[in-house]
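The numbering used here numbers the first residue of the sequence shown as 3 and each following residue consecutively.
C-beta: ideal position from N, C-alpha, C; glycine also.
Please read these numbers as outputs of a predicted model, since none were measured by experiment.
So the structure is just underneath, and the comments pick up after that.
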Amino acid sequence: MQNFKQRTLNFLEIEWATYIERFNRLPVDVGQKRVNGQGYERFRDMLAHILCWWEEAMPVILAIAEEREYERKKYDFDVFNAAAIEKYKDWDETEFLSHFEKTRQKAAADLRSMNEAAWENRRVRGWVNGVFIHHAREHLVALSRFLTLDTLENEWSTYIEDFSSVEDKNAFLKKQGVENFREILGHVVEWWGMGARIIEGIMSDPHFKWEDVNTDAFNADVIAKYAKLSDEEVQKQFEMKRQDMVRLVQGLPDDAFSNRDIEEWLAADMVEHFDEHAVNG
3 MQNFKQRTLN FLEIEWATYI ERFNRLPVDV GQKRVNGQGY ERFRDMLAHI LCWWEEAMPV
63 ILAIAEEREY ERKKYDFDVF NAAAIEKYKD WDETEFLSHF EKTRQKAAAD LRSMNEAAWE
123 NRRVRGWVNG VFIHHAREHL VALSRFLTLD TLENEWSTYI EDFSSVEDKN AFLKKQGVEN
183 FREILGHVVE WWGMGARIIE GIMSDPHFKW EDVNTDAFNA DVIAKYAKLS DEEVQKQFEM
243 KRQDMVRLVQ GLPDDAFSNR DIEEWLAADM VEHFDEHAVN G
């Protein structure tokens, strides 16, 4: 796992720095559909939402780091998000995008110079994770290699350990609709395997076609398969497959992320799947 400070700076200087550029490469209809799927009418509105959370978070983060008092709020997220769109709706496009970029750069500079001890503060880490790291997965509209690898290397890598620290494991398992943690791990491993086969097939043959599976039947077969294995065996398979997926993503050429089928499988399998099954979600 990466140092949390450096990981955060990488999100600001790599993931968020290329966020708008990556979106603009999408065909217009694809980009619009993805933005609408996020619940926004325009990409600009989603950027306003992201920007306002950065503007809200940074004064709080710096106040905590510098041991200053700050206003503690209880957020009505619907109200906050509506106000964010309203705040920037009449801004000139060039001025708005310039402000977004300047805010990103200032956040990176301020975080870089923040005292090292603050990075261990639970509230600082909570704000940073929420607005700079988790938010990138939540508002994924054009997948990057960076986000894919970060999720594999910094989220999935501690998944087993994170589950072991959950106090009410039964409640988590019930919410996930499974009887034991082994079923979740097996489910993830098998979907990774299917995604990898499809991605490798597309890379070797641009005309490669795959047959859609019945999801319920597939998941039922996974449960039956992994019921025969011990917890230790499943955990070992999970970690081996995770490392396989890291190598797969590292080895993909840049243009693979412009292939809609590859990008959508990577996004669903590696990134979105994590938050679907996150133990701290």
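For GLY195, same chain residues with a beta-carbon under 7 Å away, outside a window of 5 residues either side, are LYS243 in chain order. Check the Cα spacing between ARG46 and each of TRP193, SER232, TRP18, ILE22: the tightest is with ILE22. Each residue's CA atom was taken as its position, placing GLN237 and HIS279 some 16 Å apart. In the displayed model, PRO29 falls within coil according to three-state DSSP, outside both helix and strand.
Rounded to the nearest angstrom, the gap between the Cα atoms of TRP18 and ALA138 is 8 Å.
A contact is defined here as three or more CB-CB pairs under 8 Å, and the stretch 153 to 172 fails this definition with respect to the stretch 49 to 56. Put simply, the backbone Cα of PHE259 is about 42 Å away from that of GLU73.
Closest in C-alpha terms to VAL215, from the list PRO208, ASP223, HIS209, comes ASP223. DSSP, read as helix, strand or coil, puts ASN83 in helix. In this chain, the alpha helix (DSSP H) harbouring LEU187 covers 183 to 206. With fewer than three CB-CB distances shorter than 8 Å, the stretch 61 to 69 does not count as touching the stretch 22 to 33. A buried status is given to ASP152, since no fewer than 16 other beta-carbon atoms sit within 10 Å of its beta-carbon. The beta carbon of GLU15 lies closer than 7 Å to those of ALA110 in the same chain, with the five residues before and after it left out. DSSP, read as helix, strand or coil, puts TYR72 in coil.
Taking every protein chain shown into account, the CB of ALA226 has fewer than 16 other CB atoms within 10 angstroms, so this residue is exposed. Following the DSSP letters along the chain, one finds ASP152 inside the alpha helix (DSSP H) bounded by residues 147 to 156. Here the alpha carbon of LEU250 sits roughly 22 Å from the alpha carbon of ILE186. Per the Cβ contact rule, the stretch 256 to 276 is in contact with the stretch 204 to 212 (3 or more Cβ pairs under 8 Å). Counting only the Cα atoms, TYR228 lies some 47 Å from GLU103.
The distance from the Cβ of ARG127 to that of PHE6 is about 7 Å, consistent with a contact at the 8 Å cut-off. At a Cβ-Cβ threshold of 8 Å, LEU145 and VAL248 do not count as neighbours. Judged by their CB atoms, PHE82 and TYR90 are not nearer to each other than the 8 Å cut-off.
DSSP places ASN261 outside both helix and strand once states are collapsed to three, so it counts as coil.
When DSSP states are grouped into helix, strand and coil, MET116 belongs to the coil group. In this structure, HIS275 keeps its C-beta atom at 8 Å or more from the C-beta atom of VAL180.
Burial is judged here by how many other beta carbons sit within 10 angstroms of a residue's own beta carbon; TYR42 has at least 16 and is buried.
A direct Cα-to-Cα measurement between ASN117 and ASN123 gives close to 11 Å.
Here LEU11 has ALA110, LEU113, ARG114 as same chain residues with Cβ atoms under 8 Å from its own Cβ, once five neighbours each way along the sequence are excluded.
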